[in-house]
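Read the structure below first, then the notes.
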Amino acid sequence: MNLVRVLLVAAAATSSAEAVSIDYDKVEPFPQPSPVTVSEKAAVKFKPRLLIADEVSCVPFLVVNAAGETGGGLKGNGGNDGCEVAPLGAQVYGRSSWHNDGFWDGSAFWRHDWASAVVWIDNPALEAPKVVRLSLSTSKDSYKNRAPASFVNGTAPFLLRYLPGMSSAALITIDKPGGDFQDLIMWEQLTDVAREALNNAENFGRADVPFSDNNFPTWLEKAWPL
Numbered sequence: 002m003n004l005v006r007v008l009l010v011a012a013a014a015t016s017s018a019e020a021v022s023i024d025y026d027k028v029e030p031f032p033q034p035s036p037v038t039v040s041e042k043a044a045v046k047f048k049p050r051l052l053i054a055d056e057v058s059c060v061p062f063l064v065v066n067a068a069g070e071t072g073g074g075l076k077g078n079g080g081n082d083g084c085e086v087a088p089l090g091a092q093v094y095g096r097s098s099w100h101n102d103g104f105w106d107g108s109a110f111w112r113h114d115w116a117s118a119v120v121w122i123d124n125p126a127l128e129a130p131k132v133v134r135l136s137l138s139t140s141k142d143s144y145k146n147r148a149p150a151s152f153v154n155g156t157a158p159f160l161l162r163y164l165p166g167m168s169s170a171a172l173i174t175i176d177k178p179g180g181d182f183q184d185l186i187m188w189e190q191l192t193d194v195a196r197e198a199l200n201n202a203e204n205f206g207r208a209d210v211p212f213s214d215n216n217f218p219t220w221l222e223k224a225w226p227l
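Using our numbering, the first residue of the sequence shown is number 2, and each one after it goes up by one.
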């Protein structure tokens with residue numbers, strides 16, 4: 002059976018940082034480049050549209066800038082204060098690879114969590130790639146798998162980020178339009194120092210970056226739906 006391209010998209014928010022960092026709301030986003038490669042075009046076409054549940058409040062914030070500086074995160078006693086609006090704009094991050102019999106993966110990072118939506122497609126090189134399954138995170142590193150629900154223009158899934166009790170942030174599909182798109186930057190489009198920052202686990206405390214060099218293969222296995 003032909004392998005299917007996997008794309009990991011991550012919407013970022015504030016994190017707890019151990020290394021030298023800057024204020025979380027001072028991190029400049031990467032503008033979304035015009036897609037050139039097959040993987041980049043598929044990533045833009047299938048990136049999810051995100052709606053934030055009322056009890057979550059925090060919008061996706063950026064994790065790293067072009068200089069490799071990471072966001073310092075919210076203060077531990079501030080609740081959701083200061084994270085309802087991202088003044089410089091939000092960001093989603095992507096990475097692609099072939100994996101087993103195929104998939105597209107999207108991951109979102111808020112505060113101390115990464116909430117991941119994995120969109121598995123048949124082949125990004127096809128004129129009209131098809132979504133096979135969605136793998137949606139239910140906690141830090143576990144997933145539920147389901148058939149696609151509603152899409153924007155037949156490609157981008159509608160997703161809701163919520164807090165299931167006291168656990169980590171999770172994602173579910175929703176059946177009506179809502180939410181927003183964020184600018185996408187692929188792993189290979191990041192600067193070298195930005196990738197180095199994302200690969201440095203000390204920059205994000207207990208929040209594991211699911212698309213770093215060390216974590217990417219493991220997270221894909223966790224999201225594998227078959």
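For glycine and all other residues, C-beta sits at the position ideal for the given N, C-alpha and C.
Considering only their Cβ atoms, is the gap separating P30 from L63 smaller than 9 Å? Here residue 63 refers to the residue found at position 62 when the sequence shown is read from its first residue. Here residue 30 refers to the residue found at position 29 when the sequence shown is read from its first residue. Cβ distance < 9 Å, so L63 and P30 count as in contact.
Judging by CA-CA distance, which residue of F47, A87, W115 and L185 is the nearest neighbour of N216? Within the sequence shown, the letter at position 215 stands for residue 216. Ranking F47, A87, W115 and L185 by Cα distance to N216 puts W115 first.
8 Å contact criterion, which L221 and H100 should meet: CB distance rounded: By 1-based counting over the sequence shown, the position of residue 221 is 220. By 1-based counting over the sequence shown, the position of residue 100 is 99. With 8 Å as the limit, L221 and H100 qualify as a contact, their Cβ atoms being about 5 Å apart.
If you run the structure through DSSP and keep just helix, strand and coil, what is Q183? Residue mapping note: residue 183 aligns to position 182 of the sequence shown, counting from 1. Q183 falls in the coil class under three-state DSSP.
Sort P34, F182, S40 and P130 by Cα distance to L52 and report the nearest one. By 1-based counting over the sequence shown, the position of residue 52 is 51. It is F182 whose Cα lies nearest to the Cα of L52.
My output table needs one value for R196: the three-state DSSP class, helix, strand or coil. Taking the sequence shown and counting its residues from 1, the one referred to as residue 196 is at position 195. Of the three classes helix, strand and coil, the one that applies to R196 here is helix, per DSSP.
Pairing CB atoms from the region 37 to 45 with CB atoms from the region 183 to 197, are three or more of them under 8 Å? yes
So the candidates are K223, A195 and D26; which of them puts its Cα closest to the Cα of A91? Counting from one through the sequence shown, the residue named residue 91 turns up at place 90. Here the closest residue by C-alpha is D26.
On the DSSP letters alone, give me the boundaries of the alpha helix (DSSP H) that S97 sits inside. By 1-based counting over the sequence shown, the position of residue 97 is 96. No alpha helix (DSSP H) holds S97; the beta strand (DSSP E) holding it covers Q92 to W99.
Can you grab the Cα-Cα spacing for the pair N201 / T139, in whole Å? The residue you call residue 201 lines up with position 200 of the sequence shown. The residue you call residue 139 lines up with position 138 of the sequence shown. For N201 and T139, the distance between alpha carbons rounds to 25 Å.
D123 to P130, Cα distance in whole Å? The count along the sequence shown starts at 1 and reaches residue 123 at position 122. The count along the sequence shown starts at 1 and reaches residue 130 at position 129. Taking the straight line joining both Cα atoms gives about 6 Å.
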